[in-house]
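In our numbering, the protein residues as written are 62 to 431. Even for Gly, the Cβ is constructed at its ideal location relative to N, Cα and C. To keep things clear, I will list the structure first and then write my remarks on it.
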């Protein structure tokens, strides 16, 4: 039974995971390299808890919940009672491997070692420890306090018991877990998103349409909360470039987007730099003005068909169920419907024909329908 939770890394994701764990009644140990980082994290947790309390979404007092979070500078031998650790440090494989090796020394033999990575292979992180059956991926979405979805990812040696305990733990946080049964690049949600982004980039680079037409189609025809390139600006052009490059290095076959690479080198990183595909005065997000008639310039299937094919590939290869994939895109990407809902709406025949068109445009066999 899980009672004591260790969260390593007190950044945005780490202190958010610590907060939801404390709200759920767990004793939480939040670790980072300095007192300043930890104090700042606790201030942010306190602010968030106060907001939840004001809205009537917190059953206990702020002080009671905060009282269950203990901060630790570094790692120490006082962690012998930990039942699950969740790592939320920067996305660098060597750093994570070093940390997991250290955690294995300090934590009890039956402790679950979870990673909040959004893109690195669970199996490669697990290879740094002897008890690889206790290593698992728990990919929370940002911000963890508000986002319901958590992807649970099996490494190649993750045991059924580790999966079961982790699944129940995530549910106890009042989160909605989806199972990723194989450790594929991008897991479920980011894999589908990157298929859409790389296809959108291919269509622009091949001269099929302007990026504004793609964003208009995404918003007005598919009901996405943001256009594709608007989302890239929002999350960071550089982040999307590095994540897509890392996924391709690990076997994700997709169109390599030169535009993202060039913009990253120029420093046009989106909202945070003030300029990406759109401009953002004072480096603040402003919704781009896209006339609805732009959406008539491109078939919406050009955007959604590759995602449908990717989702079918995942089901066929036992990576995730249809139900979990649909849950993932609705909760993780705020799509108005699931991928398989889009497939039913447009029809399999139209999807297949569109994929053949995309194969011809791109010259890539990856667009063959699944």
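Establish whether the CB of residue 252 and some CB of chain D are separated by less than 8 Å.
In the structure shown, chain D does not exist; there is a single protein chain.
Every unbroken alpha helix (DSSP H) inside the segment 354–384 [4 residues or more]:
362–377
Please return the same chain residues whose Cβ sits closer than 7 Å to the Cβ of residue 136, not counting the five positions on each side in sequence.
92, 163 and 167
If we call anything under 8 Å between Cβ atoms a contact, is residue 203 one with residue 73?
yes
CA-CA distance, residue 6 and residue 424?
Absent from the structure is residue 6, since the part of the chain shown begins at 62 and ends at 431.
May I have the straight-line CA-CA distance separating residue 251 from residue 344, to the nearest angstrom?
25 Å
Using the beta-carbon count (16 or more within 10 Å), is residue 169 buried or exposed?
exposed
Tell me whether residue 250 sits in a helix, a strand or coil according to DSSP, three-state version.
helix
With DSSP as the reference, label residue 71 as helix, strand or coil.
coil
Just how far apart, CA to CA, sit residue 256 and residue 117?
40 Å
Which residues mark the beginning and the end of the beta strand (DSSP E) in which residue 313 is found?
No beta strand (DSSP E) contains residue 313, which DSSP labels as neither H nor E.
Going by the beta-carbon positions, is the gap between residue 245 and residue 380 smaller than 8 Å?
yes
What are the residues that DSSP puts in a beta bridge with residue 93?
134
Okay, do the segment 208–218 and the segment 228–244 touch, 3+ Cβ pairs below 8 Å being the bar?
yes
Based on DSSP bridge pairs, tell me the residues matched to residue 200.
212
Just grab the DSSP bridge partners of residue 175 for me.
147 and 197
Could you tell me if residue 331 is buried or exposed, where buried requires 16 or more neighbouring beta carbons within 10 angstroms of its beta carbon?
buried
Report yes if the CB atom of residue 77 is closer than 8 Å to the CB atom of residue 238, and no otherwise.
no
Would the segment 142–160 and the segment 98–113 be scored as touching if the rule is three or more Cβ pairs under 8 Å?
no
Where does the unbroken alpha helix (DSSP H) through residue 324 begin, and where does it stop?
319–327
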